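A short write-up of the structure that comes next.
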Amino acid sequence: MTETPLRMNSDIAAGLLFAALGAGFCGQALFGLRLGTPFRMGPGYFPAVIGGLLCLLGLAIALAGTRVARPESSPPLPWKAIVLIPTGLLLFGLVMRPLGLIAALFLLSLLAGFATGQMRASRIVLLAIVMTAACVAIFSFGLGIGLPLIGDLLR
Amino acid sequence: MEFLSNLALGFSVALAAKNIFFCFLGALAGTLVGVLPGVGPLATIAILLPVTYTMAPDSALIMLAGIYYGAQYGGSTTAILLNLPGEASSAITTLDGYQMARRGMAGKALAAAGISSFFAGTVATVIVALFAAPLTQVAMAFRPPSYFSMMVLGLIASVVLAHGSVPKAIAMVLLGLLLGLVGTDIYTGTARLNLGLIELTDGVDFVALAIGLFGLAEILRNLEQPENREVLTRKVTGLWLSWQDLRRIAWPTIRGTGIGSILGILPGGGAMLASFAAYIVEKKVSKNRAEMGKGAIEGVAAPESANNAGSQTAFIPMLTLGLPSNAVMALMIGAMILQGIQPGPDIIVKQPGLFWGLIVSMWVGNLMLILLNLPLIGLWVRFLTVPYPILVVAVTAFSAVGIYSASGTAFSMLELSVFSLLGYVFMRLGCEPAPLTLGFILGPMMEEQLRRSMLMSRGDPTVFVTEPISLGFLIVSALGLVLVCAPAIARRRRDAFAEEA
């Protein structure tokens with residue numbers, strides 16, 4: 158019998174991810190919450206059971222994954238977007254209060270534009286300006302949401 | 258005639274000037290976003306959900322329903338013109354629809370899709386109106402154990418009928434249940450599973466979860482490779498059907514409507530399964546079956562009528578039992594909860610105007626789509642050619658403003674980022690996000706029914722098998738799981754989904 162080296166594949170990765178998440182929830186419930194009895198269940202009972210099930214199922218998926226030695230080719234990770242889009246969203250949330258909606262939208266659009274990696278910088282800036290204007294028109298003037306256009310810091 | 262007076266009440270709500278306006282706006286916005294490539298109905302509804310926050314509940318739900326039909330219609334437009342299904346349920350339409358477009362008959366294909374959808378929508382509306390009230394009576398008789406087992410059945414069915422790996426889908430359901438439990442325990446008021454974060458006391462932000470998993474995760478996936486999109490037809494002409502065409506699509510449409518109406522009610526089924534089944538049936542029984550797959554008009558009419566009928570009858574379990582049969586319905590229930598309405602059999606009694614108004618607005622929405630979309634098709638075609646970078650920026654900006662305006666906290670942006678990345682990771686690992694959404698909605702409800710059942714039975718778990726209705730649900734769930742795990746059927750299921758893809 159020849160031993161095939163154990164390769165990471167999507168089943169193993171998904172299984173381990175599920176197991177970790179399940180263990181996390183189960184642990185929080187077991188150690189932080191009152192379990193109660195089946196008759197009078199406490200806040201921790203149901204989460205502990207479901208978390209435990211998820212952990213076991215995750216391990217089973219990972220274990221089954223070690224038996225399939227299928228080579229997988231997946232497309233390259235879009236690193237730019239993975240970093241820039243969440244950064245843009247967090248930035249949006251952080252600058253909203255001090256700088257206001259206009260600045261927050263402009264920064265987010267700018268980062269999202271660079272995240273695509275398919276446009277020249279000058280066009281991205283232009284697009285960000287247009288998108289900011291469009292969103293302000295739709296949300297602030299059209300739907301009348303109460304977010305301040307200019308933040309506390311700039312007034 | 259109680260039925261007629263109910264419908265009259267529905268019409269009075271749905272035809273109120275503001276609701277007609279919101280129905281129109283929803284259908285328009287839904288189509289507009291739905292034709293954008295890579296943005297399916299789920300993402301469309303999720304992105305536009307925050308827009309309805311400030312509205313009255315009936316207007317909000319009517320608009321969301323309009324968005325849903327509009328997005329689906331937009332999906333069939335991209336299927337026919339671009340060979341790109343906006344979502345799984347119009348995947349089968351690409352087979353004949355795109356072939357028709359290649360032969361210069363795009364207008365005819367779009368008209369057939371529109372007309373057969375409208376017919377199906379009309380029939381399905383009547384079905385929903387007829388069956389919703391009696392089913393509510395049945396549901397009222399359910400005791401907590403039956404409710405719990407029914408939700409088990411719903412979740413199992415969503416797993417059985419999902420794409421891809423069954424164990425992974427079950428795992429996604431469990432994870433969804435857990436995420437739904439985060440926040441505060443309703444019985445004791447204890448904060449739980451919140452990682453010590455005060456911001457999570459009210460639970461995970463459902464809109465951030467939905468937009469992250471369906472909207473932004475999809476954007477990340479589409480950015481993996483430079484896009485490859487070919488718009489076949491820049492000018493669509495001949496948007497009419499001859500008498501002969503109408504006769505050709507008559508029976509396929511009727512059959513599709515029947516199949517779609519039945520399959521739509523099943524948990525987990527909904528529109529996708531319906532369109533697939535209708536196409537298969539047509540391939541067996543149609544007089545023109547030899548032409549199917551090469552641009553037969555029947556191949557457009559049957560699945561389009563089926564998916565429209567299915568997407569409407571899916572409202573039956575949602576409105577009467579509070580049970581979402583697919584991810585779109587989970588979003589609708591989420592929207593209801595955000596509006597302060599607890600879904601379930603009580604709605605028809607407590608909010609008859611909302612209940613019947615929503616049902617009638619389904620038909621009004623379908624009518625609007627056909628009046629709106631056929632004349633505006635030139636506009637939609639132009640939207641098909643929107644460059645992808647612009648789309649990325651627009652979707653990101655819209656999502657951010659929508660969520661922030663509702664929550665008012667920077668923390669919701671963190672949640673959105675986390676779910677976008679998590680959703681993308683799950684997509685890479687071959688895990689569908691739809692079952693997670695169902696679990697998320699059902700998590701708190703299941704726990705509540707479980708705890709009630711156990712209080713009722715004094716901690717005796719056999720209550721779930723001694724109560725007949727509950728036992729019935731559990732047997733069907735078990736059968737479903739056994740069937741899907743049986744090797745022969747698992748193989749056929751895989752082939753079926755492969756053919757569809």
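Going line by line, the protein sequences match chains A and B.
To get the working numbering, take the position in the first sequence, counting from 1, and add 157.
To get the working numbering, take the position in the second sequence, counting from 1, and add 257.
Ideal Cβ positions, reconstructed from N, Cα and C, are used throughout, including at glycine.
If you're wondering where the values come from, they're calculated on a predicted model, not measured in any experiment.
Asked: B/Pro483, enclosing alpha helix (DSSP H) - first and last residue; Found: Careful: B/Pro483 lies outside any alpha helix (DSSP H) and carries neither H nor E.
Asked: B/Lys551 versus B/Leu432: straight-line alpha-carbon distance, rounded; Found: 43 angstroms
Asked: Members of the region 179-198 of chain A that neighbour chain B once the beta carbon cut-off is set at 8 angstroms; Found: Gly179, Phe182, Gln185, Ala186, Gly189, Leu190, Arg191, Thr194, Pro195, Phe196, Arg197 and Met198
Asked: Beta-carbon spacing of B/Ile413, B/Leu588 below 8 angstroms; Found: no
Asked: Beta-carbon proximity check, B/Val380 vs B/Ser518, cutoff 8 angstroms; Found: yes
Asked: Beta-ladder partner(s) of B/Thr309, from DSSP; Found: Beta-bridge pairing links B/Thr309 to no other residue.
Asked: A/Pro235 versus A/Met276 - alpha carbon distance; Found: 15 angstroms
Asked: Residue from B/Phe697, B/Ile698, B/Phe721 and B/Gly696 with nearest C-alpha to B/Arg708; Found: B/Phe721
Asked: DSSP bridge partner residues for A/Gly193 (one or two, in chain order); Found: A/Met198
Asked: Cα-Cα separation between B/Met397 and B/Pro602, rounded to whole angstroms; Found: 6 angstroms
Asked: Distance between beta carbons of B/Ser374 and B/Tyr330, contact taken as under 8 angstroms; Found: 7 angstroms
Asked: Between the CA atoms of B/Gly515 and B/Ala370 - distance to the nearest angstrom; Found: 16 angstroms
Asked: Alpha carbon of B/Gly567 to alpha carbon of A/Ala260, nearest angstrom; Found: 44 angstroms
Asked: Distance CB(B/Ala389)-CB(B/Ile616) smaller than 8 angstroms; Found: yes
Asked: 3 or more residues per run - each beta strand (DSSP E) lying fully within the region 695-744 of chain B; Found: none
Asked: B/Met408 vs B/Met702 beta-carbon contact at 8 angstroms; Found: yes
Asked: Reduced DSSP category for A/Ser297 - H, G, I as helix; E, B as strand; rest coil; Found: helix
Asked: Helix, strand or coil at A/Gly209 [DSSP, three-state]; Found: helix
Asked: A/Ile185 burial status per 10 Å Cβ neighbour count (16 or more: buried); Found: Sequence inspection shows Gln at residue 185 of chain A; the Ile mentioned does not correspond to that position. By the 10 Å Cβ count, A/Gln185 comes out buried.
Asked: Interface flag, B/Thr447 vs chain A, CB-CB below 8 angstroms; Found: yes
Asked: Contact check, B/Gly469 vs B/Ile304, beta carbons under 8 angstroms; Found: no
Asked: CB contact below 8 angstroms: B/Gln482 versus chain A; Found: yes
Asked: Closer than 9 angstroms at the beta carbon, the chain B residues around A/Ala278; Found: Within 9 angstroms Cβ-Cβ: nothing; A/Ala278 doesn't reach chain B, min ~12 angstroms.
Asked: Length of the line joining the Cα atoms of B/Ile349 and B/Gln356; Found: 12 angstroms
Asked: Contact under 8 angstroms by Cβ, A/Leu216 with A/Ala176; Found: yes
Asked: Cβ-based contacts, 8 angstroms cut-off: residues of the region 269-289 of chain B near chain A; Found: none
Asked: Host alpha helix (DSSP H) of B/Gly472 (start-end); Found: No alpha helix (DSSP H) contains B/Gly472, which DSSP labels as neither H nor E.
Asked: Buried versus exposed, by CB contacts within 10 Å (16 or more), A/Phe296; Found: buried
Asked: Three-state secondary structure (DSSP) of B/Ala587; Found: helix
Asked: Within-8 angstroms CB hit, A/Ile239 to chain B; Found: yes
Asked: Which listed residue (A/Leu213, A/Phe196 and A/Leu187) has its alpha carbon closest to that of A/Ala205; Found: A/Leu187
Asked: Sufficient close CB pairs (3 or more, under 8 angstroms) joining the region 194-203 of chain A to the region 445-457 of chain B; Found: yes
Asked: Cβ shell of B/Thr653 (< 6 angstroms), same chain only, five flanking positions each side left out; Found: none
Asked: B/Ala448 (DSSP reduced to helix, strand or coil); Found: strand
Asked: Straight-line gap, A/Glu160 to A/Leu248 (C-alpha atoms, nearest Å); Found: The predicted model places A/Glu160 with a pLDDT of 49, which falls under 50 and marks its position as unreliable; any figure quoted below should be read in that light. Roughly 50 angstroms between the two C-alpha positions.
Asked: B/Thr441 - partner residues in DSSP beta bridges; Found: B/Ala448
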